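Using this note's numbering, the first residue of the sequence shown is number 33, and each one after it goes up by one.
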Amino acid sequence: MRCLISRAREGVRSRERIELPRMSSYSVDADSTMLMDEQSSEPTPKAEVAVTGRNVEVPDHFRSYVAEKLSRLERFDRTLYLFDVELYHEKNRRQRKNCQHVEITAKGRGPVVRGEACADSFYAALESAVSKLEGRLRKSKDRRKIHYGDKTPRSLREACSPEQLEGVFTPPAEASLSLDGQSAQPLDEHEPGRIVRVKEHPATPMTVDDALYEMELVGHDFFLFHDKESDRPCVVYRRHAYDYGLIKLA
């Protein structure tokens with residue numbers, strides 16, 4: 033009788049030893065399948081990156097570097113379809129250390145977001161411009177979350193406080209790198225006082241708060257808009273100590 037019981041116990045143990053490897057192999061297969069699914073679900077860059085230079089030849093390796101830097105910013109807004117990057121050389125001889133200028137404009141379904149910076153090289157200017165653009169895109173994303181959620185929108189004074197703007201208005205970083213193999217050619221000298229650039233934008237009616245918000249996104253000191261309340265062109269501008277002004281036509 034004892035022999036039969038011991039044989040039965042040995043049979044159960046042998047079946048347990050046989051079943052364990054099956055469970056382990058299944059778990060490994062499941063883990064590998066989940067890992068493959070996570071890798072395949074990673075988003076791919078969709079926004080176009082257009083790099084142009086004014087009197088500056090841009091090599092291909094610099095274009096690839098710009099595209100790699102900007103591809104990380106698409107996570108803030110999936111509707112972005114274009115990054116317009118413009119490089120040019122400042123002709124101000126008094127500021128030769130900050131003569132390389134980079135301007136990045138991000139376009140999507142929402143307002144235009146811009147980041148620009150000057151430095152002694154295009155690489156350093158690009159780093160600073162990308163940092164500013166990232167801060168403004170993050171700010172725009174937070175605003176969308178507040179408006180589509182249950183939270184009360186913060187006032188513009190609070191949103192544009194020095195603590196909130198830290199990292200958005202950052203000074204250009206210093207670097208010793210330059211655009212390899214290519215040097216910026218200065219523009220032709222001309223007398224000051226002439227209109228050298230004209231911009232047009234749609235006159236979409238908006239509130240004063242929305243105008244201030246869009247002014248912060250592009251980093252300008254003023255913003256011309258069509259006031260929804262008065263149905264007239266108005267201008268908001270930045271004053272000292274993070275205050276703002278409003279100009280209305282009588």
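We put the CB at the ideal spot given by N, CA and C, even for glycine.
Just so we're clear, the structure is a prediction, and the values are computed from it rather than from any experiment.
Whole angstroms are fine: how far does the CA of Asp109 sit from the CA of Tyr269? 27 Å
- Message: Between Leu249 and Ser172, how many whole angstroms is the CB-CB distance? I'm expecting something under 8 Å.
- Response: 6 Å
field: Which of helix, strand or coil DSSP assigns to Gln217
entry: Confidence at Gln217 is low in this model, with a pLDDT of 47, below 50, so its placement is unreliable and the value that follows should be read with caution. Here Gln217 sits in coil by DSSP.
Next item on the list: Compare the Cα-Cα distances from Val81 to each of His272, Gln132, Ala138, Val144 and report the closest residue.
Entry: Ala138
Could you name each continuous beta strand (DSSP E) segment of 3 residues or more that falls completely within the region 220–273, going from the start of the chain to the end? 254–259, 265–270
Spatially closest choice to Met247 from Arg271, Glu118, Ser153, by CA coordinates: Arg271
When the Cα atoms are used, what is the spatial distance from Glu148 to Lys260? 30 Å
Item to complete: State the DSSP-derived secondary structure class of Gly140, mapped to helix, strand or coil.
Response: coil
Under 8 Å between C-beta atoms of Tyr113 and Gly85 = no
Q: Could you tell me the distance, in whole angstroms, from the CA atom of Asp9 to the CA atom of Asp241?
A: Here the chain has residues from 33 to 282 only, and residue 9 is not among them.
Member of Ala243, Leu119, Cys266 whose CA lies at the smallest distance from the CA of Glu135:
Leu119
Q. If you draw a straight line from the alpha carbon of Thr239 to that of Pro265, how long is it in whole angstroms?
A. 11 Å
How should Ser153 be labelled, buried or exposed, when 16 other C-beta atoms within 10 angstroms of its C-beta is the threshold for buried? buried
Run the CB neighbour count on Gly277, radius 10 Å, all protein chains shown included, and call it buried at 16 or more, exposed below. exposed
Would you mind working out which of Ser103, Val83, Val145 sits nearest Phe94, comparing C-alpha positions? Val83
Among residues of its own chain, excluding the 5 on either side of Arg176, which ones have a beta-carbon nearer than 6 Å to its beta-carbon? none
- Message: I'd like to confirm the pairing. Which residues does DSSP put opposite Met133 in its beta bridges?
- Response: Strictly speaking, residue 133 in this sequence is His, with Met absent from that position. DSSP output for His133 lists Tyr120, Cys150 as bridge partner(s).
- Query: Can you round the beta-carbon distance between Leu158 and Lys123 to whole angstroms, since I take them to be within the 8 Å contact cut?
  - Reply: Actually they do not touch by this definition, with Cβ atoms about 20 Å apart.
Separation of Phe254 from Pro237, as counted between CA atoms: 17 Å
Report the residue from Pro91, Ala282, Tyr245 whose alpha carbon sits nearest the alpha carbon of Asp174.
Tyr245
Query raised in the report: Terminal residues of the continuous alpha helix (DSSP H) containing Glu100?
Result: 92–103
For this session: Compute the Euclidean distance between the alpha carbons of Lys231 and Tyr97, then round it to the nearest angstrom.
Result: 29 Å
Between the beta-carbon of Val144 and the beta-carbon of Arg168, is there less than 8 Å? no
* Asked: Under the three-state reduction of DSSP, which class applies to Val145: helix, strand or coil?
  -> strand
Original post:
What are the partner residues of Gly85, as DSSP defines its beta bridges?
Top reply: Leu119
Legend entry - For Tyr276, the first and last residue of its enclosing beta strand (DSSP E): 276–280
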